[in-house]
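Everything below concerns the one structure shown next.
In this note's numbering, the protein residues as written are -14 to 294.
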């Protein structure tokens, strides 16, 4: 059975993810049997539809085409994180986001959605895209989860609070398990009561930043956006190893010896805006055989931090 991983960000972690994808192909002996990369999720700035995490800057069309080609030529889909909860019909006319959809509209790339307005827009105008239901929906009820799985989604990303509840996961009909994507290493606290509030804050912030970054990308005067009031969250500064203490953290042993035998095969690794050393550690932790961890960690680190001569 394949063990499919969905990696964080083709934009901020592009070289790192390409290095991992190429290493799995060139040195499969380093990795656990069945490991494969199913997609890389993220977005290009200043996409106003982006949600879940903020992205800053401005990607011009040539760079976007280059990044898409790097992943698509390797057979890897790029999944756009179009999960901003504050989007309206008015935002669906955004030129940058629609141009992204046009550039990536080849039948391979995908989109993650959180709102009906975005889902309807994509299904109507870009029907080639596979659509994933986002974990941002925070579905905690079994009946609602089954109802979501019965809809026309390629995958449904499981709310991380289901993690390690093997009794409940075993109750989910087998026909759905291969379409459930498990977020194995959440950085959010278990049962966080402010999670929806945080997504809302980030969504509003993305809309504000997108306007500023687009203006700067087109040659406008540089504006200072460093004075924004931050969202205070104690989990933000935790490193990967600290998150392994959470009750919602899925260990490699649980992943391979409990989830996979039950028919779960889709696993998401968090880290779009996290330091690359934390992302590398998560890749090594979940995918690499113990005797090869040091070598893979070093090679991946060099792909990101090239030494100066």
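We put the beta carbon where it would ideally sit given N, CA and C, even for glycine.
- A distance below 8 Å separates the beta carbons of residue 253 and residue 167.
- Residue environment: residue 146 is assigned as buried (16 or more neighbouring CB atoms within 10 Å of its CB, all protein chains considered).
- Distance from residue 52 to residue -5 at the Cβ level is roughly 6 Å; contact confirmed, criterion being Cβ atoms closer than 8 Å.
- 8 Å or more divides the Cβ of residue 171 from the Cβ of residue 1.
- Taking C-beta separations shorter than 7 Å and ignoring five residues to either side along the sequence, the partners of residue 138 in its chain run 116, 117 and 118, following chain order.
- The three-state reading of DSSP puts residue 252 in strand, counting E and B together.
- Around the beta carbon of residue 99, 16 or more other beta carbons lie within 10 angstroms, which makes this residue buried.
- Runs of beta strand (DSSP E) with 3 or more residues, each lying fully within the region 128 to 193, are found at 140 to 142 and 165 to 168, listed in chain order.
- In this structure, the CA atom of residue 249 is about 24 Å from the CA atom of residue 68.
- In the pairwise beta carbon analysis, the region 275 to 283 is classified as not touching the region 53 to 68: fewer than three pairs are separated by under 8 Å.
- Around the beta carbon of residue 124, 16 or more other beta carbons lie within 10 angstroms, which makes this residue buried.
- Residue 149 is a Cβ neighbour of residue 239, given a cutoff of 8 Å.
- Closest in C-alpha terms to residue 93, from the list 57, 102, 105 and 75, comes 57.
- When the beta-carbon positions are compared, residue 40 and residue -8 stay at least 8 Å from each other.
- Put simply, the backbone Cα of residue 89 is about 16 Å away from that of residue -1.
- Residue -3 is not a Cβ neighbour of residue 19, given a cutoff of 8 Å.
- Assignment of beta-bridge partners to residue 63 by DSSP yields 25.
- Counting along the chain, residue 266 sits inside the alpha helix (DSSP H) bounded by residues 261 to 272.
- Excluding residues up to 5 positions away in sequence, 141 and 161 lie with their Cβ nearer than 6 Å to the Cβ of residue 134 in the same chain.
- Between the C-alpha atoms of residue 130 and residue 96 there is a straight-line separation of about 19 Å.
- Less than 8 Å separates the beta-carbon of residue 195 from that of residue 31.
- Taking a C-beta distance under 8 Å as the contact criterion, residue 59 and residue 9 do not qualify as a contact pair.
- Burial of residue 154 is indicated by the presence of at least 16 other C-beta atoms within 10 angstroms of its C-beta.
- With 16 or more other Cβ atoms from the protein chains shown falling within 10 Å of its own Cβ, residue 263 counts as buried.
- In the DSSP assignment, residue -9 falls within the unbroken beta strand (DSSP E) covering -12 to -7.
- Note on residue 247: under 16 other CB atoms within 10 angstroms of its CB, so exposed under the neighbour-count rule.
- In this structure, the CA atom of residue 181 is about 12 Å from the CA atom of residue 144.
- Here the alpha carbons of residue 103 and residue 186 stand approximately 19 Å from one another.
- In the three-state scheme derived from DSSP, where H, G and I count as helix and E and B as strand, residue 236 is classed as coil.
- If you draw a straight line from the Cα of residue 231 to the Cα of residue 176, it is about 11 Å long.
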